[in-house]
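Participant:
2 protein chains.
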Amino acid sequence: MSRSPLVSTPVPEVDSVDEVLALVRARGGRATTARRLLVQALFDHGGHLSAEELAAEVQATSPDIHVSTVYRNLEELERLGVVTHAHLGHGPATFHLATRRHGHLVCEECGTTIEAPLSLFESLSKQASAKLGFAVDPVHSAVMGRCRRCRTR
Amino acid sequence: MSRSPLVSTPVPEVDSVDEVLALVRARGGRATTARRLLVQALFDHGGHLSAEELAAEVQATSPDIHVSTVYRNLEELERLGVVTHAHLGHGPATFHLATRRHGHLVCEECGTTIEAPLSLFESLSKQASAKLGFAVDPVHSAVMGRCRRCRTR
DNA sequence: TTCGATGCAAATAGTTTGCATTCTA
DNA sequence: TAGAATGCAAACTATTTGCATCGAA
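Going down the list, the protein sequences come from chains A and B.
The numbers in numbering that gives the first Met the number 0 rise by one with no breaks, and the one at position 84 of the first sequence is 83.
The numbers in numbering that gives the first Met the number 0 rise by one with no breaks, and the one at position 128 of the second sequence is 127.
(1) When you check each C-beta in the segment 133-146 of chain A against every C-beta of chain B, which residues fall closer than 9 Å?
(2) Short of 6 Å in beta carbon distance, which residues of its chain neighbour S49 (chain B), apart from the five on each side in sequence? Order them along the chain.
(3) Can you tell me whether C185 (chain A) is buried or exposed? The criterion is at least 16 other CB atoms within 10 Å of its CB, across all chains shown.
(4) Compare the C-beta of R129 (chain A) with all C-beta atoms of chain B and state if any pair is closer than 8 Å.
(5) Give the straight-line distance between the Cα atoms of C23 (chain A) and T98 (chain A), rounded to the nearest whole angstrom.
(6) Below 8 Å between beta carbons is the criterion; list the residues of the segment 87-107 of chain B that meet it against any residue of chain A, in chain order.
(7) Considering V105 (chain B), what are the terminal residues of the beta strand (DSSP E) in which it resides?
(8) When every heavy atom of the ligand ATP is checked, does at least one fall within less than 7 Å of the C-beta of A30 (chain B)?
(9) Could you list the residues in the segment 106-120 of chain A with a C-beta less than 9 Å from some C-beta on chain B, going in chain order?
(10) Counting only Cβ pairs nearer than 7 Å, list the residues of chain B close to S122 (chain A).
(11) Name the two residues that bound the continuous alpha helix (DSSP H) containing A21 (chain A).
(12) Pick out whichever of A:A129, A:S15, A:E114 and A:V19 has its Cα sitting closest to the Cα of L73 (chain A).
Laid out in structure tokens, this is it:
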């Protein structure tokens, strides 16, 4: 039995801000205010926050933390495997904790993002792997379409 | 039997540059040099060309056709249903003729785009529709992952 | 000869980078 | 106090828009 592409990326077990910061320190990094607030924001809001929105969140407490700092920290947290981003069609990338693994369905009409359980991607993953040798990563993906409300409207 | 979301968008039957331009004229539009060259480029290269690349293509013949003109024309052709675009992760959007309907698999590592037959998306479409009321549009979607070469490398 | 289309420049959104300064460990 | 991280400004990429001019019908 081969390893499923659905579980190909091992995600560190982190359930709290402090655990993430411990991970950061273990790598030689430092626990700064910006870092702590960013991680807190990621824990507070489940997902689908853009860098800009996360910056706003963080700035509510610490007004002069810059967006570029948020970007740099998100990059770092992604390297640590704590954070994941997804590109959702037109708009900016969105970020969430890597533990909250799900796919993304994005409505072309109203822009709403729906979290999709990974099970929806199973058949696609199997076929893509078998026929094309391609290992699907549903977490980074955005599947466009039309949401229920916009369909019936 | 309900209408499948996979065939929800009717695509005009256009097999040549002139047919597209006729469509444009029928709508009160004009057959300009820029338009003709752009449509030609779309017919020549199957797909996955960004606006920038299409501009370069067109500029090989007519050097001072501007990118903004290409964007405006792509928008217009999309309104006519002749052209489709897809967002492929990080990079720019890519455009192709709407008759060439396919999904997109994008390698996160090397950036290669693979055309995927719509059949791969059938199970995902059915489940998304049944469970979430969401009509998947595989043509506009990019599914991220890892291609065969990068996996085995 | 009209009005749709173009060229150009400038605006915009999202993201990245260089550099001097600050602050954690 | 060394070096990691930050703030700020500026660069960069992809795309859109305003406006005067041009050209297809």
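All C-beta atoms, glycine included, are put in the ideal place defined by N, C-alpha and C.
Predicted model only: the values in this text are computed from it and were never measured.
Facilitator: Judging by the given coordinates:
(1) F133, A134, V135, D136, P137, V138, H139, S140, A141, V142, M143, G144, R145 and C146
(2) P91 and T93
(3) The requested residue 185 (chain A) does not occur in the structure, where chain A is confined to residues 0 to 152.
(4) Before going on, a small fix: residue 129 (chain A) reads as Ala here, not Arg. Closer than 8 Å: no.
(5) Note on residue identity: the sequence assigns Val, not Cys, to residue 23 (chain A). V23 (chain A) and T98 (chain A): Cα-Cα distance of roughly 17 Å.
(6) G88, H89, L104, C106 and E107
(7) Element bounds for V105 (chain B): G102 to C106.
(8) No copy of the ligand ATP occurs in the structure displayed, which carries no ligand at all.
(9) C106, E107, I113, A115, P116, S118, L119 and F120
(10) S122 and L123
(11) Element bounds for A21 (chain A): V16 to A25.
(12) A:V19
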